[in-house]
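Per the numbering used here, residue 2 is the first one in the sequence shown, and the count goes up by one each step. Notes for the one structure printed next.
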Amino acid sequence: MADTLRRSRRLLRRGRMAAVLVVLTVGVWQGVAGASATSSASARVEYRNQDCGLRTGNKKIGTVKFERSGNTVKVNFRLTKGRPDTTYLIVLYAVPDSGCEVGLPVDFLVTDAQGKGHVGGKVDLMGNPKKFFASAFDGDVYNDSLIVNLP
């Protein structure tokens, strides 16, 4: 009887250990999967918005799609009502870490005779910012997108 009781306790302990290992393995796997998850968001680009991504109510001249995977942010910037035949520098800003002070250049966008154009690029980040906006600078003024959250 005592042997049966000891064997039952041993099996119960082994079962608990197996359950703990399964829980830990699932938890680690979810952490790894979450770390590489991709998040995305889109925002409007406002004409002559120079308010660091805050809404001004100015007319919409384009859109930006942001996609984040780890510490890389892809930016797809599209102007539909920009200045015709103009070259814009597209810049990505992290908020609030840099505000409007320091941005990371993405690429140049050149509009056609109708003021339309698009460009895509990616930027590798330092740190772990979560909020972003992008801006199209034409050498005279900035045209900011609204702020997006990319966890």
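All C-beta atoms in this analysis are idealised placements derived from N, C-alpha and C, irrespective of residue type, glycine included.
| message | Quick check: the Cα distance between T57 and T81, rounded to an integer number of angstroms? | response | Residue mapping note: residue 57 aligns to position 56 of the sequence shown, counting from 1. Residue mapping note: residue 81 aligns to position 80 of the sequence shown, counting from 1. Annotation: T57 to T81 spans about 18 Å, alpha carbon to alpha carbon.
| query | Taking Cβ positions only, does R84 come closer than 7 Å to chain B? | reply | Among the chains of the structure shown, chain B does not appear; only one protein chain is present.
| message | Once the 5 residues before and after L93 are set aside, which same chain residues still bring their CB inside 7 Å of it? | response | Indexing the sequence shown from 1 puts residue 93 at position 92. Within the same chain, L93 has close Cβ partners V74, V76, G104, L105, V107, V124, F133 and A135.
| field | Other residues of its chain near D52: CB distance less than 8 Å, five sequence neighbours each side excluded | value | Taking the sequence shown and counting its residues from 1, the one referred to as residue 52 is at position 51. Excluding residues within five positions, the ones whose Cβ falls inside 8 Å are D145.
| request: Give the DSSP-derived three-state secondary structure of S70 in the structure shown. | output: Locating residue 70 in the sequence shown gives position 69, where the first residue counts as 1. In this structure, S70 counts as strand in the three-state DSSP scheme.
| said: Between F138 and L110, how many whole angstroms is the CB-CB distance? I'm expecting something under 8 Å. | reply: As a first step, residue 138 must be located in the sequence shown, where it is residue number 137. As a first step, residue 110 must be located in the sequence shown, where it is residue number 109. Going by Cβ atoms, the distance from F138 to L110 rounds to 10 Å, so no, they are not a contact pair.
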